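What follows is a set of notes on a single structure, which appears directly below.
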Ligand code: SAM
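In the numbering used here, the protein residues as written are 6 to 288.
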């Protein structure tokens with residue numbers, strides 16, 4: 006195991022901020038190498054002590070924005086910027102901010118992050134659906150269970166996987182990362198995924214439909230979507246026309262089927278649910 010100099014935690018990690026610092030050099034290299042970084046504008050979420058930051062800098066980004074919530078770590082990052090990263094100092098901006106309230110750049114940019122796990126879905130949701138300027142690509146180290154859900158490894162769809170598939174032209178597993186690669190070790194295994202974000206505008210009505218369709222995953226989809234008996238019959242007829250059983254459950258339908266249902270339903274996005282990451286916590 007590689008412990009980056011000046012990147013390892015000098016004092017106790019804060020559990021409440023999801024602080025599990027990555028100390029495995031190969032994993033750090035694989036995250037930084039998952040997409041081209043050279044000459045790109047990169048936003049790193051939760052740089053911590055700067056272990057991933059240091060590797061990212063070795064790939065020569067055009068600009069690197071670091072967004073960190075922990076004030077103690079900000080001081081450490083500022084020190085490293087001044088003392089160790091002097092050659093790249095002009096490219097680095099350190100933001101002491103909550104990523105869920107950070108306004109991303111208006112220029113094209115990518116996100117690379119070892120995500121604080123307690124806000125995995127809110128972060129994904131915010132940058133894919135809420136911000137005015139979404140990233141072009143996102144590389145994220147997240148819980149393996151969530152990664153496998155997003156990538157539909159078991160062949161089942163979920164509101165999260167469909168919401169991400171609807172916004173990303175490409176979803177890729179980069180690698181799995183063992184809990185031993187972190188200090189302190191998290192209780193779960195992890196995975197690195199890469200997402201290529203679609204240039205189309207986000208479809209908030211589809212999101213609303215997914216939310217309704219998955220509101221009671223064990224119930225029939227027609228019961229979740231219909232507001233009256235006639236509506237239920239209409240949805241069941243539509244499902245049969247699309248080749249699904251009338252009693253289909255939400256998890257059996259792929260994105261095309263959801264888009265087809267949306268064309269037949271009067272769904273308006275509830276935009277006030279989309280403010281401040283509140284909607285994100287519902288995934
Ligand atoms: N990038 C470092 C690494 O790979 O070792 C640290 C990753 S650690 C899993 C998550 C980091 O996110 C911590 O540094 C933590 O303080 C920071 N963090 C937690 N909540 C945050 C938030 N809401 N906004 C920005 N940073 C946050």
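A virtual CB, placed ideally from N, CA and C, is assigned to each residue, including glycine.
Predicted model only: the values in this text are computed from it and were never measured.
- In the structure shown, residue 142 falls within a strand segment according to DSSP collapsed to helix, strand and coil.
- Within the region 13 to 69, the beta strand (DSSP E) runs of at least 3 residues that lie entirely inside it are, in chain order, 46 to 50.
- With a minimum length of 4 residues, the unbroken runs of alpha helix (DSSP H) contained wholly in the region 219 to 263 fall at 226 to 230, 234 to 246.
- Residue 25 places its beta carbon less than 9 Å from that of residue 191.
- With a cut-off of 8 Å, the C-beta of residue 24 is classified as near the ligand SAM, since at least one heavy atom of the ligand falls inside that distance.
- Here residue 156 is not near residue 143, since their CB atoms are 9 Å or more apart.
- Note on residue 174: under 16 other CB atoms within 10 angstroms of its CB, so exposed under the neighbour-count rule.
- Residue 49 holds the alpha-carbon nearest to the alpha-carbon of residue 140 among 224, 49, 87.
- Scanning its chain for C-beta atoms nearer than 7 Å, with the 5 sequence neighbours on each side dropped, one finds around residue 166 the residues 154, 155, 157, in chain order.
- For residue 158, there is no enclosing beta strand (DSSP E), since its DSSP letter is neither H nor E.
- Within the same chain, Cβ atoms closer than 8 Å to the Cβ of residue 78 are found at 52, 53, 54, the five residues on either side in sequence being excluded.
- Cβ neighbours of residue 34 within its own chain (closer than 8 Å, five residues either side excluded): 60.
- One alpha carbon belongs to residue 87, the other to residue 76, and they sit about 17 Å apart.
- Boundaries for residue 183: no beta strand (DSSP E) harbours it, and the DSSP string shows neither H nor E there.
- The beta-carbon distance between residue 85 and residue 67, rounded to whole angstroms, is 20 Å. This is too long to meet the 8 Å contact definition.
- Counting of Cβ neighbours within 10 angstroms places residue 259 among the exposed residues, the total staying below 16.
- Taking all protein chains in view, the Cβ of residue 218 is crowded by 16 or more other Cβ atoms within 10 Å, so the residue is classified as buried.
- Residue burial is scored here from C-beta neighbours: residue 125 has at least 16 other C-beta atoms within 10 angstroms and is therefore classed as buried.
- Counting the other Cβ atoms within 10 Å of the Cβ of residue 162 gives 16 or more, which makes it buried.
- Note on the region 74 to 116: whole beta strand (DSSP E) runs with a minimum of 3 residues are 97 to 101, in chain order.
- In the structure shown, residue 125 adopts helical secondary structure according to DSSP, grouped into three states.
- The nearest non-hydrogen atom of the ligand SAM is less than 8 Å from the C-beta of residue 52.
- Pairwise C-beta distances place the region 195 to 212 out of contact with the region 225 to 232, as fewer than three of them are shorter than 8 Å.
- Taking the Cα positions, residue 120 is about 6 Å away from residue 147.
- Looking from the CA of residue 208, the closest CA among 224, 195, 267, 193 belongs to 267.
- Judged by DSSP secondary structure, residue 169 falls within the alpha helix (DSSP H) whose first and last residues are 164 to 172.
- Note on residue 94: under 16 other CB atoms within 10 angstroms of its CB, so exposed under the neighbour-count rule.
- In this structure, the alpha-carbon of residue 179 lies about 23 Å from that of residue 189.
- A buried status is given to residue 116, since no fewer than 16 other beta-carbon atoms sit within 10 Å of its beta-carbon.
- Pairing residue 239 with residue 233, the inter-Cα distance amounts to about 10 Å.
- Remark: C-beta atoms of residue 23 and residue 64 do not approach each other more closely than 9 Å.
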